[in-house]
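Chemist:
Number of protein chains: 2
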Amino acid sequence: MSRRLVLAAAQMGPIQKAEGRDVAVGRMVRLMETAHRRGAEVVVFPELALTTFFPRWYHEDLAEADHWYETALPSNATAPLFEAARKFNIGFHLGYAERTPDGHRFNTAVYVHPSGEVVLKYRKVHLPGHAEHDPTRRVQHLEKRYFEVGDLGFPVIRAPIGETSVNIGMMICNDRRWPEAWRVLGLQQVELVMLGYNTPSLNMENRGFEAHHLRVFHSHLSIQAGCYQNACFAAGVAKAGDEDGHELFGHSIIVNPQGEIMAQATSWGDELIVADCDLGMCELGRRTIFNFAAHRRVEAYGRITEQTGSVAPAEWAPARR
Amino acid sequence: MSRRLVLAAAQMGPIQKAEGRDVAVGRMVRLMETAHRRGAEVVVFPELALTTFFPRWYHEDLAEADHWYETALPSNATAPLFEAARKFNIGFHLGYAERTPDGHRFNTAVYVHPSGEVVLKYRKVHLPGHAEHDPTRRVQHLEKRYFEVGDLGFPVIRAPIGETSVNIGMMICNDRRWPEAWRVLGLQQVELVMLGYNTPSLNMENRGFEAHHLRVFHSHLSIQAGCYQNACFAAGVAKAGDEDGHELFGHSIIVNPQGEIMAQATSWGDELIVADCDLGMCELGRRTIFNFAAHRRVEAYGRITEQTGSVAPAEWAPARR
């Protein structure tokens, strides 16, 4: 029996600093309605989808940033998303800033069943940026200030989406550049990676060789390689456009297990892309070239878990010259 | 001071089963001469560069395959390569089948200094294919029969190429599809990955969804992602064209640390591509987005070394519905 899934990625245009959650949530409900009309069974929203990307703003006192975080889900502000899920019988993935009852702060994503129940929660592991205000930077990137490193690992769960049971995993933004994250999901037979991001078009701190025009390429390269090498689908979903004076590059994509882009957002605003995913495509790689049990050689991978940073190699000592 | 390197990748056309090493070595010496005229300081040859890709031929008795292996390097047959290296003051990378004095067999590559000394040896870790004759296959792929898994890990060494000291690592063919291999090299600050391959244009055993036209894309995707995510250059060097009735896809490339293709072979024969590599480009990634010490989270990577094969995820158990 063919296992199929109609997957929607809901790119969002910018959310300005002054805008309340009601503005974002209203736009998301409209995107869910559109997704429903397009026959989608699940819709993936970006990272930190309820607010502006606030880690670009510095607060000396963390408590002053409390208003950027959710302390409950659903809340009064997010209840319309849960209502829309039920009404349209559609699951959704949401990225948001989480503050726990005991005061921990995470960059979090959840997958919510149409019933409103949270099926899977993930907390971002690869936090980019820095923890202290850096006066040499033109733009702050304070994720290491506002969030702790995620403490849930990279979980995968098998759960229904529409009529189909799907092995679901998640990443958030910078995680997508780290092949370790993809592999930990692949080792759990992930079939669909839900992945939201907020990535600026320009590297304002560019002190080297990175060409701005390569930034979308790098994002897509990482997602496409991750899908190919782990035989899974991914929805990589962006915020896009001018957010508080900072352009986010958008270009949300849905990628198949061959690493091909099936759908791509090309606007700078709210935009829904949809792909009809045949989950049987995940099996080819697993059975053949990426049959991990047959081909992986963990005895050669020790450094990956034994050391965090890189080490300089030995110098060659010629025997004779 | 700028650290630069003129790197040549010497794609080779097919080597037929009936052809002796003298034919291949003669062609390689001409490629080294061309590389010298183009100002290259190092030339990278493919995997199993001295013979046809013999793992497509079955021998019940392994000893009948002995003539495909080198037992010494240099040998009478390969001495002209070492002479050319000295004459042109050019280092070279060579892939070959190795049989050790105590009877072990490896798919091996070496980097040879212009002096003739072997600087670095690598034995292929990720052996694709199968160990026994498979009558259901149209083409055998007996790498797991003819070679043991490499026992040298993924070594990196800092050694001179021309006037520059370079952190050199190696992979062979299928290794390039495994992000673990790239990462183990990256964790040793590799700057140049030498990588030879023999990859057919058609997957003759295609029983699923792999489109033939994606095979070059998958090869390039893996190399480009590996270079980007580990901030290194690579020379990915193919055999190309119709070898004993089996087309090899060629498309050798040189890739920079931004994942960009700097040069690409586009013929089906012997072809030299050259790129002027600024090794300073390796520093940007290491200092910023891929500063491993700052950003890697090994506590979340345990599965990569703790388990070889994949495991099925838990099923979601809804609390209420």
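Quick note, the sequences are listed as chains W and S, same order.
Read in order, the letters of the first sequence correspond to residues 1 to 321 in the UniProt record's numbering.
Read in order, the letters of the second sequence correspond to residues 1 to 321 in the UniProt record's numbering.
We put the beta carbon where it would ideally sit given N, CA and C, even for glycine.
This structure is a prediction, so every number in the text was calculated from the model and none was measured.
1) Can you give me the C-alpha to C-alpha distance between asparagine 230 of chain W and isoleucine 289 of chain W, rounded to a whole angstrom?
2) Looking only at DSSP bridge pairs, what is serine 165 of chain S linked to?
3) In the DSSP assignment, what residue or residues form a beta bridge with glycine 91 of chain W?
4) Identify whether glutamine 264 of chain W lies in helix, strand or coil by the three-state DSSP scheme.
5) Per the DSSP calculation, glutamine 11 of chain S is bridged to which residue(s)?
6) Could you pull the start and end residues of the alpha helix (DSSP H) that arginine 137 of chain W belongs to?
7) Using 9 Å as the threshold, is the C-beta distance between leucine 62 of chain S and arginine 145 of chain S below it?
8) Which residues, in order along the segment 291 to 304 of chain W, keep a beta-carbon less than 7 Å from a beta-carbon of chain S?
9) Which residue from W:Trp316, W:Ile161, W:His246 and W:Ala40 puts its Cα closest to that of valine 274 of chain W?
10) Run through chain W and tell me which residues come within less than 8 Å of residue 377 of chain S, C-beta to C-beta.
11) Between S:Met194, S:Ile261 and S:Pro80, which lies nearest to methionine 32 of chain S when the distance is taken from Cα to Cα?
12) Any C-beta of chain W sitting closer than 9 Å to the C-beta of glycine 259 of chain S?
13) List, in chain order, every chain C residue whose beta-carbon is nearer than 8 Å to that of proline 135 of chain W.
14) For a contact defined as C-beta to C-beta under 7 Å, what are the partners of glutamine 224 of chain S on chain W?
15) Can you list the residues of chain W that glutamate 149 of chain S reaches, using a CB-CB cut of under 7 Å?
16) Against glutamate 210 of chain W, what residues of chain S qualify as contacts under a CB-to-CB distance less than 9 Å, listed in chain order?
17) What did DSSP end up calling alanine 121 of chain W once you bin it into helix, strand or coil?
18) Distance check for proline 46 of chain S and alanine 300 of chain S, CA to CA, integer angstroms please.
19) At what residues does the beta strand (DSSP E) containing asparagine 230 of chain W begin and finish?
20) Tell me the DSSP bridge mates of histidine 36 of chain W?
21) Quick one, which of S:Phe292, S:Glu19 and S:His59 has its alpha-carbon nearest glycine 186 of chain S's?
22) Using DSSP with H/G/I as helix, E/B as strand and the rest coil, what is isoleucine 254 of chain W?
23) Using 9 Å as the threshold, is the C-beta distance between serine 310 of chain W and glycine 13 of chain W below it?
24) Counting contacts by CB-CB distance shorter than 9 Å, is leucine 187 of chain S in contact with chain W?
25) Only counting the same chain, and skipping five residues up and downstream in sequence, which positions put a Cβ closer than 8 Å to that of glutamate 260 of chain W?
26) Answer yes or no: do leucine 73 of chain S and valine 110 of chain S have a C-beta to C-beta separation smaller than 9 Å?
27) Would alanine 181 of chain S count as contacting chain W if we go by Cβ distances under 9 Å?
28) Report yes or no: is there a C-beta of chain S within less than 9 Å of the C-beta of glycine 307 of chain W?
29) What do you get for alanine 2 of chain S, buried or exposed, if any count of 16 or more other CB atoms within 10 angstroms of its CB means buried?
30) Taking the C-alpha atoms as reference points, what is the distance between alanine 131 of chain S and glutamate 143 of chain S?
31) Kindly indicate the opening and closing residues of the alpha helix (DSSP H) around tyrosine 146 of chain W.
32) Given that phenylalanine 249 of chain S touches chain W, what residues does it touch there, using C-beta distances under 9 Å?
33) I'd like to know whether the C-beta atoms of glutamate 60 of chain W and alanine 97 of chain W end up nearer to each other than 9 Å.
34) Buried or exposed: which applies to methionine 204 of chain W, given that a residue is buried once 16 or more other Cβ atoms fall within 10 Å of its Cβ?
35) So does the segment 16 to 24 of chain W actually touch the segment 167 to 187 of chain W, counting three or more Cβ pairs closer than 8 Å?
36) Is it the case that the Cβ atoms of valine 237 of chain S and valine 29 of chain S are separated by a distance below 9 Å?
Modeler: With the structure as the only source:
1) Residue numbering aside, residue 230 of chain W sits at position 230 when the first sequence is read from its first letter. Residue numbering aside, residue 289 of chain W sits at position 289 when the first sequence is read from its first letter. For the pair asparagine 230 of chain W and isoleucine 289 of chain W, the Cα-to-Cα distance works out to about 10 Å.
2) Residue numbering aside, residue 165 of chain S sits at position 165 when the second sequence is read from its first letter. As a beta-bridge residue in DSSP terms, serine 165 of chain S pairs with S:Pro160.
3) Translated into positions along the first sequence, residue 91 of chain W becomes position 91. Glycine 91 of chain W pairs with W:Val42.
4) By 1-based counting over the first sequence, the position of residue 264 of chain W is 264. Reduced to three states, the DSSP call for glutamine 264 of chain W is strand.
5) Position 11 of the second sequence, counted from the start, is the residue given in the question as residue 11 of chain S. For glutamine 11 of chain S, which the question treats as bridged, DSSP gives the partners S:Glu271.
6) For the purposes of this step, residue 137 of chain W is identified with residue 137 of the first sequence, where counting begins at 1. Counted as a single uninterrupted DSSP element, the stretch harbouring arginine 137 of chain W is not any alpha helix (DSSP H), since DSSP gives it neither H nor E.
7) Position 62 of the second sequence, counted from the first residue, corresponds to residue 62 of chain S. Position 145 of the second sequence, counted from the first residue, corresponds to residue 145 of chain S. The answer is yes: Cβ separation under 9 Å.
8) Listed in sequence order: Phe292, Ala293, His295, Arg296, Arg297, Val298, Ala300, Tyr301, Gly302, Arg303 and Ile304.
9) Along the first sequence, one-based indexing puts residue 274 of chain W at 274. Cα-wise, what sits closest to valine 274 of chain W is W:Ala40.
10) No statement about residue 377 of chain S is possible, as the shown extent of chain S runs from 1 to 321 and does not include it.
11) As a working mapping, residue 32 of chain S is identified with position 32 in the second sequence. The option with the nearest alpha carbon to methionine 32 of chain S is S:Pro80.
12) Stepping through the second sequence from its first residue, residue 259 of chain S is reached at position 259. Contacts with chain W at 9 Å (Cβ-Cβ) include glycine 259 of chain S.
13) Among the protein chains in the structure shown, which are W and S, there is no chain C.
14) Here residue 224 of chain S refers to the residue found at position 224 when the second sequence is read from its first residue. Neighbours of glutamine 224 of chain S on chain W, chain order: Leu221.
15) Start at 1 with the first residue of the second sequence, and residue 149 of chain S comes out as number 149. The sequence as given places valine at residue 149 of chain S; glutamate does not occur at that position. Neighbours of valine 149 of chain S across chain W, judged by C-beta separation under 7 Å: Arg297.
16) Stepping through the first sequence from its first residue, residue 210 of chain W is reached at position 210. Gln258, Leu284, Gly285, Thr288 and Ile289, listed in chain order.
17) As a first step, residue 121 of chain W is located in the first sequence; it is residue number 121 there, counting from the start. According to the sequence as given, residue 121 of chain W is lysine; it is not alanine. In the structure shown, the three-state DSSP call for lysine 121 of chain W is strand.
18) As a working note, residue 300 of chain S is residue 300 in the second sequence. As a working note, residue 46 of chain S is residue 46 in the second sequence. Whole-angstrom Cα-Cα distance: 36 Å.
19) The count along the first sequence starts at 1 and reaches residue 230 of chain W at position 230. Per DSSP, asparagine 230 of chain W lies in no beta strand (DSSP E); the unbroken alpha helix (DSSP H) holding it starts and ends at 215 to 230.
20) Residue numbering aside, residue 36 of chain W sits at position 36 when the first sequence is read from its first letter. In the DSSP assignment, histidine 36 of chain W is bridged to no other residue.
21) Within the second sequence, numbered from 1, the residue matching residue 186 of chain S stands at position 186. When each option's Cα is compared against that of glycine 186 of chain S, the closest is S:Phe292.
22) As a first step, residue 254 of chain W must be located in the first sequence, where it is residue number 254. Note: isoleucine 254 of chain W maps to strand in three-state DSSP.
23) Position 310 of the first sequence, counted from the start, is the residue given in the question as residue 310 of chain W. Position 13 of the first sequence, counted from the start, is the residue given in the question as residue 13 of chain W. No; because the gap between Cβ atoms is not below 9 Å, this pair is not in contact.
24) As a first step, residue 187 of chain S must be located in the second sequence, where it is residue number 187. Yes, leucine 187 of chain S counts as interfacial toward chain W.
25) Numbered from 1 along the first sequence, position 260 holds the residue referred to as residue 260 of chain W. In the same chain as glutamate 260 of chain W, and ignoring 5 residues on each side of it, the C-beta atoms closer than 8 Å to its own belong to Gln224, in chain order.
26) Taking the first residue of the second sequence as position 1, residue 73 of chain S is located at position 73. Taking the first residue of the second sequence as position 1, residue 110 of chain S is located at position 110. Closer than 9 Å, so yes.
27) Locating residue 181 of chain S in the second sequence gives position 181, counting from the first residue. Yes, alanine 181 of chain S lies at the interface with chain W (some Cβ there is under 9 Å from its Cβ).
28) Counting from 1 along the first sequence, the entry for residue 307 of chain W is found at position 307. For the sequence presented, residue 307 of chain W should be read as glutamine rather than glycine. For glutamine 307 of chain W, a Cβ of chain S is located within less than 9 Å of the residue's own Cβ.
29) Counting from one through the second sequence, the residue named residue 2 of chain S turns up at place 2. It is serine, not alanine, that sits at residue 2 of chain S in the sequence shown. Per the 10 Å Cβ criterion, exposed.
30) Taking the first residue of the second sequence as 1, we reach residue 131 of chain S at position 131. Taking the first residue of the second sequence as 1, we reach residue 143 of chain S at position 143. One C-alpha to the other measures close to 7 Å.
31) Position 146 of the first sequence, counted from the first residue, corresponds to residue 146 of chain W. Where tyrosine 146 of chain W is concerned, the enclosing alpha helix (DSSP H) stretches over 143 to 146.
32) Walking along the second sequence from the start, residue 249 of chain S turns up at place 249. Near phenylalanine 249 of chain S there are no residues of chain W at all, since even the closest Cβ is about 15 Å away, more than 9 Å.
33) The count along the first sequence starts at 1 and reaches residue 60 of chain W at position 60. The count along the first sequence starts at 1 and reaches residue 97 of chain W at position 97. Not a contact, by the Cβ cut-off of 9 Å.
34) Working through the first sequence from its first residue, we reach residue 204 of chain W at position 204. The residue is exposed, with fewer than 16 neighbouring Cβ atoms inside 10 Å.
35) Too few Cβ pairs lie closer than 8 Å, so no.
36) Your numbering for residue 237 of chain S matches position 237 in the second sequence. Your numbering for residue 29 of chain S matches position 29 in the second sequence. Taking the C-beta atoms as reference points, valine 29 of chain S is found no nearer than 9 Å to valine 237 of chain S.
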